[in-house]
Amino acid sequence: MAKSVNKVILLGNVGKDPEFKMLPSGQGVANFSIATAERFKDKGGEWQERTEWHNLVAYARLAEIIRDYVKKGTKLYVEGRLTTRSWDDKESGKKVYRTEVVMSELSLLSGRGEGDGGSGGNYSRSSSSAASSSSFDQRPSGSPDDYAHSTEITDDDIPF
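101 is the number that full-length UniProt numbering gives to position 101 of the sequence shown; each next residue is one higher, with no gaps.
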């Protein structure tokens with residue numbers, strides 16, 4: 001029997017500054033949304049753009065990183081999983097549903113001065129079976145300029 005997959009990958013821009021709160025347990029939580037755009041041709045052959053807004057939530061150290069480095073306009077690469085929460089609306093009594101991406105990885109793609117974001121960096125959340133708390137690894141990312149003057153590749157280096 002096939003396994004199921006619940007994985008979301010998004011690349012987009014933050015719509016407004018994230019909201020950060022501390023849960024009663026002392027764990028941080030960040031909520032925000034990002035916009036992604038899809039370009040397509042309509043029936044008349046004209047290019048159109050459609051924007052989708054995605055609700056995101058992050059916990060613990062990842063939420064703190066978002067609080068400290070992510071602002072409106074920041075370009076992000078995000079990985080996570082879809083979840084849907086439900087609750088009863090106090091005013092109408094109707095059941096309300098909200099689908100959101102629970103983040104597991106984050107890459108800040110905006111450079112300095114772009115969208116008030118940070119200088120870039122990769123952050124991931126990895127679970128440890130030995131401890132109930134999550135650990136986070138920061139993997140520094142280099143810009144293309146960091147590698148521009150590295151070893152030149154010649155035709156002799158190509159194996160075909």
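Where a beta carbon is used, it is the ideal one built from N, C-alpha and C, also for glycine. From a predicted model like this one, the values you see are computed outputs, not experimental measurements.
Within the same chain, show all residues whose beta-carbon is closer than 7 Å to that of His149, passing over the 5 residues directly before and after it, in chain order.
With a pLDDT of only 45 at His149, under 50, the local geometry of the prediction cannot be trusted, and the value read off the model is given with reservation. Excluding residues within five positions, none has a Cβ falling inside 7 Å.
Contact set for Arg50: own chain, Cβ-Cβ below 6 Å, skip 5 residues either direction:
Glu38
So, do the region 94-104 and the region 39-47 have three or more beta carbon pairs nearer to each other than 8 Å?
no
Take Ala131 and list the residues in its own chain whose beta-carbon comes closer than 8 Å to its own, dropping the five residues that flank it on each side.
Unreliable placement is indicated for Ala131, whose pLDDT of 31 sits below 50; the coordinate value is still reported in the next sentence. There are no such residues.
For Asp88, three-class secondary structure by DSSP
strand
For a cutoff of 7 Å on Cβ pairs, would you count Lys7 as touching chain C?
Any reference to chain C falls outside this structure, which holds one protein chain only.
Once you ignore the five residues that flank Ser33 on each side, which residues in its own chain have a CB closer than 8 Å to its CB?
Val14, Gly15, Lys16, Trp53, His54, Asn55 and Leu56
Segments assigned alpha helix (DSSP H), at least 4 residues, entirely inside the region 30-60:
none
What is the DSSP secondary structure of Leu23, reduced to helix, strand or coil?
coil
What residue range does the beta strand (DSSP E) around Thr74 cover?
Counting along the chain, Thr74 falls outside any beta strand (DSSP E), and DSSP gives it neither H nor E.
Proximity below 7 Å, CB of Gly80 to CB of Ser104
yes
Rounding to the nearest angstrom, what Cα-Cα distance links Ile65 and Asp88 in this structure?
31 Å
In three-state DSSP terms, what is Leu10?
strand
Using the C-alpha atoms, what's the distance from Trp47 back to Tyr69?
34 Å
For Leu76, count neighbouring C-beta atoms within 10 Å of its own C-beta (all shown protein chains included) and say buried if the count is 16 or more, exposed if not.
buried
Assuming contact is defined by CB atoms lying nearer than 7 Å, are Lys95 and Ser86 in contact in what I supplied?
yes
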